[in-house]
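Chains as they are written, first to last, in our numbering: chain A, 8 to 297; chain B, 953 to 1245; chain C, 418 to 765.
C-beta atoms are modelled at their ideal positions from N, C-alpha and C, and glycine is treated no differently.
Have a look at the structure below before the remarks.
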Amino acid sequence: MTATQKPRKRIRFSTVMDHIVLTLGALFMLVPMLMVFQLSTVPDAEIIQRGPSLNIGDQLDDNFVKAMFEASGFSGENTGVSMLINSFILGIGFAVGKIILGMMAAYAIVYFRLRFATLAFWAIFTTLLLPLEVRILPSYEIVQSLGMLNTYQGLIIPLIASATATFFFRQFFLSVPEELVAAARIDGAGPVKFFIDILVPLSRTMIAAMFIIMFVYGWNQYLWPTMITTEEDMYTLVRGIKQIIQVFEGTNLPEYGRGNLLALIAVIPPVLIVVFFQSWFVKGLTESDK
Amino acid sequence: MKRALFSNIWLPVALLLPQLVIIAVFFYWPAGYAVQSSFYLQDPFGFGSTFVGTGNYESLFRNNEYLKIANFTLWFTVIVTFFSLAIALILAVKADRVIRGAKTYRTLLMWVYAVAPPVAGFIAVIMFNQSWGPLTEFFALFGYRFQVGVNFNDTAFAMILTSIWKQVPVNFIFFLSGLQSIPRSVREAALIDNRSASGRFWTVTFPLLAPTGFFLLIINITYALFDTFGIVDTVVKGEPGNNPMTLVYKVYVDGFRGNDLGGSSAQSVVLMALVLALTFVQFRLVERRIHYT
Amino acid sequence: MAVVHFDAVQKIYPNGFEAVKPASFHIEDGEFVVLVGPSGCGKSTMLRMIAGLEDISDGVLQIGGRVVNDIDPADRDIAMVFQNYALYPHMSVRNNIGYGLKNRAVPRDVIAAKVEEAAKMLNLSDYLDRKPSQLSGGQRQRVAMGRAIVRDPALFLFDEPLSNLDAKLRNQMRIEIKALQRRLGVTSVYVTHDQVEAMTMADRIIVMNGGVIEQIGTPAEIYKTPASTFVASFMGAPPMNLLQVTREGAGLRLADQVLNIAAADIDETVTLGIRPEDIVPDPNGSLSIHVDIIEELGAHRLLHGRLEEQSITVHVPKDHDVTTGMSRFSMPLNAVSLFDAKSGRRLS
Ligand SMILES: Nc1ncnc2c1ncn2[C@@H]1O[C@H](COP(=O)(O)OP(=O)(O)O)[C@@H](O)[C@H]1O
Ligand SMILES: [Mg+2]
């Protein structure tokens, strides 16, 4: 057999197409946000004249100072800093509360012989069916009658009243080999020790994944905070967005730079978390299946 | 479920109690309250209420505005669901195939997951700014004067586009993970059995993605119905007027702004029924028919 | 039917790892060639290059006289059986087997007939309407075989097709696959890490290690004259004894014995290889082996012991009486292989 000429490496047409489509998709996602960034770097007067452009200006620091420290609204207590703090309180409070309650409940359901376990199970998991949005008004009335308007409890606790985390941890606990309980009991560990020494360390990745998902979910809440917080010092960044837009509408020289930067700040923390902890986040999202 | 269980009695009760109290107070009570108030007509000034039976429901379904909003919500949901699923599927198939830059593409296509819907709406407001918005100028190139907040269809378009933009990443993540869970050897077997790439996609990849697709279908319908609230509210700038709106937004407008608790509750109950029906479909269809192993 | 020709075929993965060093060899028409080697040595990579599932980094691969480097898998006229079978989970057995034919625009009734025939051959006739998830491991394996057979390919490729089966089924399928290949006369490349499968099924064996082909030969050649210490220790259970010997005068010193082997132009020390069954008990023999353990295997016995400080295994018939402790053995010099102590290559 004679050695034939070495064939040249071919560049596949389909591979080129794949890259083109993916690049277009990435641009579709990215360009609007880049525009927001650009708008927060140029003087407001330039925006009013010619809108977004490719020009990156030097107003970022000025706008940052305005966005973070200059008060707005009627009460004058609504600075970027206070909104940022509220956003973190909501995001972290919601995530932590949900994870702790969820793990406790899931542990009780999976590892104990309970007479009313089935009932508790259904009572908890029915909450998966109805999002907060469909019972928003009565929830508001109840929070109001409990005197929790404009409080962090009123903001966070009703959002926790669903079983996503419980369901997620239940699935995970069920996948933990049951020999572990037997082994732990033989080693003399009671239920509390087993939970703290074995189950919690085993769940570390799951907890991290849940935390990311729940933090983003809490941070991005809009409807509930809109209803429950009427005092401006309770606003979160996301809650404050509408106010920014309404200010654009009313004034002669809208503070576009400041507004865009606030929108950017409202986006950066959750985006960074999702991007940096991507693998945990994706795992948590696709394995929880709801 | 056979487990070496612990047999304490009070510990599990103590563990469950916080969760149960919270859902009792903030889930069952409001849900029950919504059902109850839907049968009452509330005095607008808060002085008591009258039992009207199914009156709130009847007036709801005779109300032309409500039916119009329901109709819009239907179309909105169908379009948003279809396009965000289709775009995400195409991107996921490509992202699954490339080797060079795969991780970068994945990151660039999923980060929008973390953007809050009202921020997405905010971006739409900027993009469609009447005097200098880039998309307004784009349409002006074709001689069309795009007017978000004034023209019903233009506003609807902005809402839909934004809602799709916001939802593509979630679908992308799920489709990509679905694709990656198809055993490599099954795809290679298809590579040997079928020379046409589109043939392989429709006869092997697509059917194997069907469970993911069905799951996402429900997620997307729920998203379009409820989670787009922030987008709708910001795009109409809190001024519903004659603008398009979704059913959830209507619940909010009637109940919170219009103080019509009975009517708003009846609308809530209708939405609850809708969600329950969807869940039922999900259980029946997805669990039974479309699982292979 | 086809010949397969490798000309300096090389595989470098995108991460820079060279999984297959440039390899040249030839597979005859109708031949059953087994690629064998430890896990990670590049067998699957080699097979997947033949299938077209991996790009060839360099060199030329021909199947049936046609250069296939840039030909898509579906156009190479091959069929492949995967380790985990790779059945389409959403298709019935019937559709799984017929899928490749359907895509080649074969008429429906022809497909049906071929599928029935293959199913009969493989005892699958009763399961044609089941989904893969409703079959046992052995049945799935048969479906994978059926899918390959109906296609009438020029080349069969197998990647460890039996490694997920239990020992009994594996023995049975080994024989069936070999018989089927004989009957159909299709050129086959079969990858395994199991040297018993390699020895029993192959017309020729290719032994690989670390991306390099160590030896190509018939099972008998590989067994009798291994090309390296690696082949010697990998093929055969128990493996060939490898002992360090030093040159002494015109011969080689092994323990307290000088072997009369012409060793004029070799190094100071060499490695001597001898199969366990080539060492025979002999009261007058010159090898004194201290037997530590006697392994009773029914048909025969294995003695594990030491020759001075080097461990050694001896294979004796079942009726041969032995006790632990010192015994005498002898070995015929014509059964001895010599290897370079450093490179491990065979010294002819
Ligand atoms: N896609 C890949 N990228 C980099 N290295 C790989 C890839 N696939 C396999 N390898 C490496 O190539 C070597 C040979 O792999 P393989 O051919 O699968 O071995 P085996 O002989 O067990 O079938 C292994 O060391 C493996 O880690
Ligand atoms: Mg392998």
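Query: Cα-Cα separation between C:V498 and C:G482, rounded to whole angstroms; Result: 23 Å
Query: Nearest-angstrom Cα separation, counted from B:D1185 out to B:P1192; Result: 8 Å
Query: Expected contact under 8 Å - CB spacing of C:F756 and C:V687 to nearest Å; Result: 7 Å
Query: Inside the segment 51-75 of chain A only - alpha helix (DSSP H) runs reaching at least 4 residues; Result: 51-57
Query: Members of the segment 1119-1153 of chain B near chain C, C-beta cut-off 8 Å; Result: P1135, S1137, V1138, E1140, A1141, A1142, L1143, I1144, D1145, N1146, R1147, S1148 and G1151
Query: Distance cut-off 8 Å: C:Q500 Cβ against heavy atoms of ligand 2; Result: yes
Query: C:G457 beta carbon near ligand 3 (any heavy atom closer than 8 Å); Result: This structure lacks ligand 3; its bound ligands are ligand 1 and ligand 2.
Query: Presumed contact (8 Å Cβ cut-off) between B:F979 and A:A168, rounded CB distance; Result: 4 Å
Query: Bridge partners - C:S744, DSSP secondary structure assignment; Result: C:I706
Query: Candidates C:A584, C:A654 and C:I683, of which the one nearest C:M616 by Cα; Result: C:A654
Query: Contact the segment 426-445 of chain C vs the segment 1221-1229 of chain B: 3+ CB pairs below 8 Å; Result: no
Query: Which of helix, strand or coil DSSP assigns to B:Q1132; Result: helix
Query: Proximity test, Cβ basis, 9 Å: A:K297 and chain B; Result: Any reading at A:K297 needs caution, since the residue's pLDDT is 42, under 50, leaving its predicted position unreliable; the model's value is listed next. So, interface residue.
Query: Nearest-angstrom Cα separation, counted from A:M36 out to B:V940; Result: Missing from the structure shown is residue 940 of chain B; chain B here goes from 953 to 1245 and no further.
Query: Buried/exposed call for B:W1117, threshold 16 Cβ in 10 Å; Result: buried
Query: Chain A within 9 Å of B:E1089, Cβ atoms only; Result: yes
Query: Short Cβ contact (9 Å threshold) for B:L1169 with B:F1127; Result: no
Query: Inter-residue Cα distance where the pair is C:R587 and C:R559; Result: 12 Å
Query: C:F434 Cβ short of 8 Å to ligand 1 heavy atom set; Result: yes
Query: Exposed unless 16 or more other CB atoms sit within 10 angstroms - verdict on C:D569; Result: exposed
Query: First through last residue of the beta strand (DSSP E) which encompasses C:N626; Result: R621 to N626
Query: Residue(s) in a DSSP beta bridge with A:Q178; Result: Looking at the DSSP assignment, A:Q178 forms no beta bridge with any residue, so it has no partner.
Query: Chain B contact for A:V221 (CB, 9 Å cutoff); Result: First, the residue type needs correcting, since residue 221 of chain A is Met and not Val in the sequence shown. Chain B, which has no Cβ nearer than 9 Å to the Cβ of A:M221, makes this no.
Query: Contact set between the segment 521-536 of chain C and chain B, restricted to residues whose Cβ is under 9 Å from the partner; Result: R521
Query: Chain A contacts made by the segment 1184-1210 of chain B, where a contact means CB separation under 8 Å; Result: D1185, T1186, K1189, G1190, V1200, V1203, Y1204, G1207 and F1208
Query: Bridge-paired residues (DSSP) for C:Q598; Result: In DSSP, C:Q598 forms no bridge with anything.
Query: Chain A within 9 Å of B:K1020, Cβ atoms only; Result: no
Query: Whether B:N1023 touches A:G58 by CB criterion (9 Å); Result: no
Query: Residue ranges of each alpha helix (DSSP H) within the segment 204-230 of chain A, 4 or longer; Result: 211-226
Query: Any non-hydrogen atom of ligand 2 within 8 Å of B:S1137 CB; Result: no
Query: Rounded C-alpha distance that separates A:Y118 from B:L957; Result: 5 Å
Query: Residues of its chain near A:T233, where Cβ-Cβ distance is below 7 Å and the 5 sequence neighbours each way are ignored; Result: R246
Query: Contacts that B:V1227 makes with chain A (C-beta to C-beta distance below 8 Å); Result: L136, L137, P138 and V141
Query: Same chain, Cβ closer than 7 Å to A:Y242, neighbours up to 5 away in sequence not counted; Result: N85, M90, N93 and T236
Query: Contact set between C:D489 and chain E, taken where Cβ atoms lie within less than 7 Å; Result: The structure shown contains no chain E; the protein chains it does contain are A, B and C.
Query: Members of the segment 544-568 of chain C near chain B, C-beta cut-off 9 Å; Result: K548, P549, S550, A561, R564 and R568
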